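Contents: one structure, followed by commentary.
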Amino acid sequence: SLAASILLALTVVPALGGTVDGNAWLMLTICPLMIAWPASAFTFWQSEKLKTAHRDLARTHAQLSAAHRRLAEKASRDPMTGMLNRESFFGALDVTRHDLDRGALLLIDVDHFKTINDRFGHLIGDKALLEIASAIKRAIRAGDVLGRIGGEEFAAYLLGASDAEAVHVAERIRREVELVRFLPVDERTVPLTVSIGGTGCPRAATVSDLMRAADKRLYQAKNGGRNLAIFAGEISVAA
125 SLAASILLAL TVVPALGGTV DGNAWLMLTI CPLMIAWPAS AFTFWQSEKL KTAHRDLART
185 HAQLSAAHRR LAEKASRDPM TGMLNRESFF GALDVTRHDL DRGALLLIDV DHFKTINDRF
245 GHLIGDKALL EIASAIKRAI RAGDVLGRIG GEEFAAYLLG ASDAEAVHVA ERIRREVELV
305 RFLPVDERTV PLTVSIGGTG CPRAATVSDL MRAADKRLYQ AKNGGRNLAI FAGEISVAA
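And the structure:
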């Protein structure tokens with residue numbers, strides 16, 4: 125500021141026919157110093173305020189993003205079992221399977237669940253579903269996708285599984301549920317079983333094709349006496 129003041133005075137004053145005398149030199153020195161210090165302090169203060177506001181804004185944005193992710197995750201989950209809900213499961217199935225050369229879909233239906241609800245009430249029925257959901261989680265492989273797609277119906281998408289692997293996982297799920305000791309009242313064990321229908325997932329098949337094929341096997345398991353797992357690798361693809 126001091127240099128600019130002196131340079132300006134030495135340029136303008138002579139051009140106007142004046143001279144820069146002793147008092148002028150004093151004013152050229154004192155005025156810039158008196159103006160520059162408070163102006164600089166105000167500028168730095170405003171800069172710090174802007175930095176603080178920017179940090180607060182960035183922190184708030186991060187908190188909002190985290191809250192949005194939590195809400196989106198919560199909206200995609202079944203509140204009781206923590207599995208994906210129906211819409212989210214089939215959305216994940218439709219997106220993920222196109223990136224893989226193979227995989228398998230399993231539909232898992234609880235046997236005689238209405239009898240449990242009618243006999244013990246819906247609260248006990250919910251406890252039975254939680255036991256079954258835990259058994260399914262124990263039986264699947266790391267990375268597989270699980271969903272609760274109906275009241276007592278679950279689904280598992282086995283990423284990259286061969287037909288042999290899918291048969292093995294389906295049987296493991298069936299067995300894990302069968303081994304659950306469910307004691308709703310009076311220390312009496314109530315048997316829990318599931319029927320499972322499965323199909324391979326060729327890339328050309330739509331989600332509807334896969335559901336139709338797996339559902340067909342599920343009905344075969346139900347009609348075959350329940351507590352069965354039936355799998356078919358080949359499916360008919362809709363034109």
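When we follow the working numbering, the leftmost residue of the sequence shown carries the number 125, and every step to the right adds one. By construction, the Cβ of each residue, glycine as well, lies at the ideal position given by its N, Cα and C atoms. A quick note: this is a predicted structure, and the numbers were derived from the prediction, not measured.
Can you find the residues in the same chain that come closer than 7 Å, C-beta to C-beta, to residue i, ignoring five residues on each side of it along the sequence?
| i | result |
| --- | --- |
| F213 | V269, G271, I273 and A279 |
| F306 | A252, E255, T313, V314 and L316 |
| L132 | none |
With distances taken between CB atoms, is the gap from residue i to residue j smaller than 8 Å?
| i | j | result |
| --- | --- | --- |
| A228 | A285 | yes |
| E300 | A259 | yes |
| V234 | I256 | yes |
| I320 | L230 | yes |
| G324 | R201 | no |
Heavy atom of the ligand MN less than 7 Å from the Cβ of residue i, yes or no?
| i | result |
| --- | --- |
| A163 | The ligand MN is not part of this structure, which contains no ligands at all. |
Residue i lies in the alpha helix (DSSP H); which residues open and close that run?
| i | result |
| --- | --- |
| T239 | F237 to F244 |
| V318 | Element bounds for V318: not the alpha helix (DSSP H) but the beta strand (DSSP E), V318 to G324. |
| L270 | First-last for L270: V269 to R272, but that is the beta strand (DSSP E), not the alpha helix (DSSP H). |
| N395 | The structure shown has nothing for residue 395, since the chain only spans 125 to 363. |
| A216 | R210 to T220 |
Expressed to the nearest angstrom, what Euclidean distance is found between the alpha-carbon atoms of residue i and residue j?
| i | j | result |
| --- | --- | --- |
| F166 | K175 | 14 Å |
| R221 | A337 | 16 Å |
| K340 | G349 | 15 Å |
| L224 | L283 | 8 Å |
| K346 | V304 | 20 Å |
| D242 | R265 | 34 Å |
| T239 | V331 | 31 Å |
| L181 | W169 | 18 Å |
| N351 | P315 | 11 Å |
| T313 | V291 | 28 Å |
| L159 | Q187 | First, the amino acid is wrong: residue 159 is Ile here, not Leu. Straight-line Cα distance between these residues: approximately 42 Å. |
| P162 | R179 | 26 Å |
| Q344 | D310 | 35 Å |
| K173 | S164 | 14 Å |
| H236 | H246 | 14 Å |
| I232 | L208 | 14 Å |
| G322 | I297 | 12 Å |
| D333 | R183 | 47 Å |
| L342 | M335 | 10 Å |
| G275 | S171 | 59 Å |
| F355 | Y281 | 13 Å |
| K261 | V219 | 22 Å |
| G215 | H185 | 28 Å |
Leaving out five residues on either side along the sequence, give the residues of the same chain with a beta carbon under 6 Å from the beta carbon of residue i.
| i | result |
| --- | --- |
| A363 | For A363, the predicted structure reports a pLDDT of 37, less than 50, and the residue's modelled location is therefore unreliable. A value from the coordinates is still provided. No residues qualify anywhere along the chain. |
| R210 | I273 |
| A177 | none |
| F244 | P308 |
| E302 | T317 |
| A288 | none |
| T135 | none |
Since residue i and residue j are thought to touch, with beta carbons under 8 Å apart, how far apart are those beta carbons, to the nearest angstrom?
| i | j | result |
| --- | --- | --- |
| L353 | E295 | A small correction: the amino acid at residue 353 is Ala; Leu does not occupy that position in the sequence shown. Between E295 and A353 the Cβ distance is about 5 Å, and since that is below 8 Å, they are a contact. |
| A329 | V293 | So it is not a contact: roughly 19 Å between Cβ atoms. |
Give every residue of the same chain whose Cβ lies closer than 8 Å to the Cβ of residue i, excluding the five residues on either side of it in the sequence, and list them in chain order.
| i | result |
| --- | --- |
| L254 | M204 and T205 |
| R327 | R221, H222 and D225 |
| G267 | L283 |
| D250 | M204 |
Mind checking which residues open and close the beta strand (DSSP E) that includes residue i?
| i | result |
| --- | --- |
| E300 | Segment D287 to E302 is the alpha helix (DSSP H) holding E300; no beta strand (DSSP E) there. |
| L283 | E277 to L283 |
| A353 | A353 to A356 |
| A228 | G227 to V234 |
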